[in-house]
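**Q** Note that the sequence shown covers residues 1 to 338 in full-length UniProt numbering. Just so it is clear, CB atoms sit at the ideal spot from N, CA and C, and this is done for glycine as well.
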Amino acid sequence: MKIAVVIPCRNEIKNIEECIDAIYQSNLPSDWKLVVNVVDGVSNDGTLELLESLQKKYAELHIVTNEKQLTPFAFNLGIYATKDADYYQIIGARQIVSQNYLKEAVESLQSDETIWCVGGQVNNVYLNKESKMIAQAMSTSFGMGLGNFRTLNESGFVDTVGTPMYPAWVFEKIGYFDEELIRNQDDDFNFRVLKAGGKILYNHSISLKYYVRGSVSQLWKQFMQYGYWKVYVNKKHKAVTTLRQLVPPVFVLYLILVQFLFLIHPLLWLYGLSFFGVYIMLGLFITSRIAESVSDFNRIFIIFPILHISYGWGYLKGIVAFLIANKKPGDKYKKMSR
């Protein structure tokens, strides 16, 4: 049996060696074969040279060049590079898998033929203060919505996972990652899994360490892209892939429309703002439960509306562009924001 690990990578000299070391330290049966395909997006920070030196240390460590430097191409190139694998595991360059991750992921898939995808628990390691605040906000149902795998504390079936393993036959059945989707390509693929009758398992007993980086300034652009591209995914499938995605655009519409109530009557406007008051109170309550200090409280609290409004605004822009104007994605939204 053969597992092919696919690692999209660009300028990850600080973490890529630890990522690869962890993969080769996995507890696997002696008759299992392991191949690691690092798909490098033309790194210029010394990552490529480091990878070449690691090839002397590890057998079946391959470097695949991703000239387009975009995520869906990296996924597919890594899969194409090892056509005879039985299972494909996608791992980020800043993700450090536990020794049991690969073995138990395979066992989860083998335990039930209706499970087409499995992923595990993510334990965040923060590279700066802002990344910690962002991750804490995103670990709550208030931040990311009910049913999101980031907020679960036990195993269960979900609509997507962050570090997935798939049996090879899944790609033969539903195709590969959609290279037109600069964002949301994993959500699109997993929706196709569910649509074809498969299940996606979040296995809380397997875990990985994730080095989180990021800033509040990048967060707005990133989540606006997520919302924008989500509408495009929906249009391609002629379906709303999850119900929770509708909450942020409805919230943004509410914030816009409630202003017009003032033109009718100030008291009506105040009444309309009562829902926003509930939103603020809920945000304050959730923040008080996770903040470790007063300064943390202020930072985390402001992240919630950034998440919701940026995603919702991007979603509304996507509705106008794709559903009303029937346009293709704009060039500025084809650029990665991280």
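What are the uninterrupted segments assigned as beta strand (DSSP E) that are 3 or more residues long and contained completely in the segment 165-231, given in chain order?
**A** The qualifying runs are 165-167, 199-212.
**Q** Kindly list the residues whose CB is nearer than 6 angstroms to the CB of Ser310, restricted to its own chain and excluding five residues on each side of it in sequence; keep chain order.
**A** If we look at Ser310 and ignore the five residues flanking it on each side, its Cβ neighbours are Trp220, Phe223, Met224.
**Q** Which class does Leu48 belong to by DSSP, given the choice of helix, strand or coil?
**A** It is helical.
**Q** Which residues in the same chain as Pro72 place their Cβ atom closer than 7 angstroms to its Cβ, once the five residues preceding and following it in sequence are excluded?
**A** Same-chain partners within the cutoff: Phe177, Asp178, Glu179, Leu181, Gln185.
**Q** Would you tell me roughly how many angstroms separate the C-alpha atoms of Ser108 and Ala137, rounded to the nearest one?
**A** Cα to Cα, the separation comes out at about 30 angstroms.
**Q** Output the residue ranges of the beta strand (DSSP E) runs that lie fully inside the UniProt domain "Glycosyltransferase 2-like" (5-124) and measure 3 residues or longer, sorted by chain position.
**A** List check, beta strand (DSSP E) in window: 33-40, 61-65, 87-90, 95-97.
**Q** Would you mind working out which of Tyr315, Asp84, Met133, Gly78 sits nearest Tyr232, comparing C-alpha positions?
**A** With distances taken between Cα atoms, Tyr232 lies closest to Tyr315.
**Q** Could you tell me the alpha carbon to alpha carbon distance between His204 and Ser155, rounded to whole angstroms?
**A** The alpha-carbon atoms of His204 and Ser155 are separated by roughly 5 angstroms.
**Q** Determine which residues share a DSSP beta bridge with Ile3 and list them.
**A** Partner(s): Leu34, Tyr87.
**Q** Output the distance between the C-alpha atoms of Glu52 and Val250, rounded to the nearest integer angstrom.
**A** The straight-line gap from Cα to Cα measures roughly 49 angstroms.
**Q** Scan the segment 228-298 and note each continuous alpha helix (DSSP H) run of 4 residues or more that stays entirely inside, going in chain order.
**A** You should have 247-257, 261-264, 266-272, 274-290.
**Q** Within 10 angstroms of the Cβ of Ser111, are there 16 or more other Cβ atoms? Answer buried if so, exposed if not.
**A** Under this definition Ser111 is an exposed residue.
**Q** Which same chain residues end up closer than 6 angstroms to Cys117 when comparing Cβ atoms and leaving out the 5 residues on each side of it in sequence?
**A** If we look at Cys117 and ignore the five residues flanking it on each side, its Cβ neighbours are Pro164, Tyr166, Val193, Ile200.
**Q** Would Pro248 and Gly312 be called neighbours here (beta carbons separated by less than 9 angstroms)?
**A** The answer is yes: Cβ separation under 9 angstroms.
**Q** For Ser217, tell me which candidate among Tyr58, Thr114, Ile306, Ile7 has the shortest Cα-Cα distance.
**A** Closest option to Ser217, Cα to Cα, is Ile306.
**Q** Candidates Tyr87, Gly41, Ala81: which alpha carbon is nearest Met1's?
**A** Selected option, being the one with the closest Cα: Tyr87.
**Q** First and last residue of the beta strand (DSSP E) that includes Phe157?
**A** Counting along the chain, the beta strand (DSSP E) containing Phe157 begins and ends at 156-158.
**Q** Have a look at Tyr24, Tyr58, Val122, Val39 and flag the residue whose alpha-carbon is nearest the alpha-carbon of Cys9.
**A** Residue Val39 is the option with its Cα nearest to Cys9.
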